[in-house]
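FYI, in mature numbering (1 follows the signal peptide of the UniProt record, and there is no 0) the residues of the sequence shown are -24 to -1, 1 to 489. Built from N, CA and C at the ideal position, the CB exists for glycine as well. Small disclaimer: the values here were computed from a predicted structure and weren't measured.
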Amino acid sequence: MKRIFPVACLVAVVAAVPSPAAVAAPAGLGFDLDRATIPQLQHLMDRGRLSSARLTREYLDRIRTVDRKVRAVIALDDSAVAQAEASDRRRRAGHARGPLDGIPVLLKDNIDTRGVQTTAGSRALLGKPPAADAALVRRLRDAGAVVLGKANLSEWANFRSTHSSSGWSGVGGQTNNPYVLDRNPCGSSSGSGAAVAASLAQVAIGTETDGSIVCPAAANGVVGHKPSLGLVSRSGVVPLSLEQDTAGPMARTVEDVAITLSVLQGRDRADRATLDYPASQTRDYAAALRPGALRGARLGLWSMRGVDPDADRVVARSVEVLRAQGATVVEVDLPYQAEIGAVEYPALITEFARDLPAYLRTRPGAPQTMQALVDFNRNDPVELKYFGQELFEEAVKAPGPDDPTYKQQRETATTLARRSIDETLKAQHLDALIAPTNSPAWKTDYEHGDAYILGTSTPAAAAGYRRSRCPRATAASCRSGCRSSPTAGRTPRSSPWPPRSRRPTRPGTRPAT
């Protein structure tokens, strides 16, 4: 069977300022923390030239120094150094657990973390931390990863207001783009993307319903991967829609993302989508990375030409790079986009009203219903300071999941999204799809909210297919990246992008959920 590896380019503007990594790396480490990869760190720890405890303390010190301006981290885990010391003891005893053992990781603050506040950015969830880890956090801990703490996010995964500012939450305030502080980091995994770009962690975990991993990955110039629905458990993750939600890794290189995804994947009885996932065996995604993977590939370019001139220029440059590496690139147009857009939003409103209260019932002391959340926000001195809660108010009045209109909306959104991708791949005999994901990032604006003119995340999001975003070609004022979204359960023959493919790009995107 032909294995599909759809890919898409992302666009971002490079600011005329030093990268966040220009903040001096800690003296005495013997390597550049900003450019270090997981395999390099493991090599140093295996040789006794670095300890996880030292690495963890360096990241914590960097957070205390750099994050005063970026505001990407919402909470620290007091046990982080103890976790790292335990990793060092395992390694000395010859019992290292694998490539993530001893590696510092940040978690988006809508992922349940034992003993650490999990708020989804809302003051309504402040108080007693979750008693148990989310399933994906258990997998990280079992692999030996060090949980540094929690990353800020667009409150409630950017699904509270139609005029919100991505990266703002009542608990964490406004996360800033680490390259240009008045530019928006996109969202909703805002802190995850900004933290990785500013080298505040080796890896961060984000979540996505429609664009919330790849959008901030683009805005902050890092790699982000939104897995197929069901590859990674959502149990213990604050939901927006269980029909589209997923969680995935963000890092500074493709290789680090692949290593982390291999740990995150797996079945979970508490998440039926993982039991329905068509792949029956776990995979080592890092092993699939190899040079020359584009040689002979046929790629379809969904260019969105004319929407944004900066995007057009970087797409053209990226196509040159792809062709130089042996790929054939043909222009395509994905069908059904208007029809998908008309039904996805109302379907998400009903699913939000169904899925969020079910999660809230696992949090004693928190508001238990959508109406209770609306009332809390009205009475809180911070929550409605900059924008409203129109989506919450719509959710209060939303039809239930048994409503025939809702059922038709969801069926239409999912079916047409899958057809838009599958039919295009088949008709043009394609191995992949590429497209600009974002227009250049906007200035953070509380009065008007997010400003964007380009977004291509919805087909793969509504279809449940996976997507990746990684930095790519560089122009005088722009950089670009790529993202992949193979059809569910199919394995890419390998990544076409270099394992250590990295780096800036500049803001660019749309408000994402």
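Self-check item: Inter-residue CB distance, S209 and T250 (contact presumed, cutoff 8 Å)
Solution: Right, the Cβ-Cβ distance comes to about 5 Å (below 8 Å), so this counts as a contact.
Quiz item: Do you know offhand how far A411's Cα is from T432's?
Solution: Rounded to the nearest angstrom, the two C-alpha atoms are 7 Å apart.
Quiz item: Is the beta carbon of G167 sitting closer than 7 Å to the one on A48?
Solution: Remark: C-beta atoms of G167 and A48 approach each other more closely than 7 Å.
Practice problem: Could you tell me if P380 is buried or exposed, where buried requires 16 or more neighbouring beta carbons within 10 angstroms of its beta carbon? | Solution: The Cβ neighbour count for P380, taken over all protein chains shown within 10 Å, is under 16; the residue is labelled exposed.
Quiz item: Which value, in whole angstroms, describes the spacing of the CA atoms of A121 and T89?
Solution: Their Cα atoms are separated by approximately 13 Å.
Quiz item: Going by DSSP, which residues form a beta bridge with K402?
Solution: Under DSSP, no beta-bridge partner is assigned to K402.
Quiz prompt | Simplified DSSP state of R274, which is helix, strand or coil | solution = DSSP places R274 in the strand class (E or B) of the three-state scheme.
Quiz prompt | Closest by C-alpha distance to T185, when choosing among V214, L157 and A174 | solution = For T185, the closest C-alpha among the options V214, L157 and A174 is that of V214.
Quiz prompt | Closest residue to R114 among S211, I50 and R266 (Cα-Cα distance) | solution = The residue from S211, I50 and R266 with its alpha-carbon nearest to that of R114 is S211.
Quiz item: Does DSSP put Q347 in a helix, in a strand, or in coil?
Solution: Here Q347 sits in helix by DSSP.
Self-check item: Distance, R445 Cα to R259 Cα
Solution: Note on geometry: alpha-carbon atoms of R259 and R445 lie some 20 Å from one another.
Practice problem: Establish whether the CB of P80 and some CB of chain C are separated by less than 7 Å. | Solution: Within the model displayed, chain C is absent; a lone protein chain is all it includes.
Quiz item: Excluding sequence positions up to five away, which residues of its chain have a Cβ less than 6 Å from the Cβ of V295?
Solution: These residues qualify, in order along the chain: V305.
Exercise. Using 10 angstroms around the beta-carbon of T13, count the other beta-carbons present and answer buried if the total reaches 16, otherwise exposed.
Key: T13 comes out buried.
Exercise. Under 8 Å by Cβ, that's how I've got V156 and M226 pegged, so tell me the actual separation to the nearest angstrom.
Key: In fact, because the Cβ distance is near 19 Å, the residues do not count as touching under 8 Å.
Exercise. Give every residue of the same chain whose Cβ lies closer than 8 Å to the Cβ of D109, excluding the five residues on either side of it in the sequence, and list them in chain order.
Key: Counting only Cβ-Cβ distances below 8 Å, and skipping sequence neighbours, we find D88, T89, R90, R117 and G212.
Quiz item: What are the partner residues of N196, as DSSP defines its beta bridges?
Solution: N196 has no beta-bridge partner at all, per DSSP.
Quiz item: Whose C-alpha, out of M280, G364, V372 and F363, is nearest the C-alpha of L409?
Solution: L409 has its Cα closest to that of M280, out of M280, G364, V372 and F363.
Quiz item: So A29 is in the beta strand (DSSP E); what residue range does that whole segment cover?
Solution: Taken as a continuous stretch (DSSP letters only), A29 belongs to no beta strand (DSSP E), being part of the alpha helix (DSSP H) at S28 to V46.
Practice problem: Please confirm if the stretch 231 to 239 is in contact with the stretch 399 to 409, defined as three or more CB-CB distances below 8 Å between the two stretches. | Solution: Contact fails: fewer than three Cβ-Cβ distances are below 8 Å.
Quiz prompt | Boundaries of the alpha helix (DSSP H) in which A62 is found, first to last residue | solution = Counting along the chain, the alpha helix (DSSP H) containing A62 begins and ends at A56 to R68.
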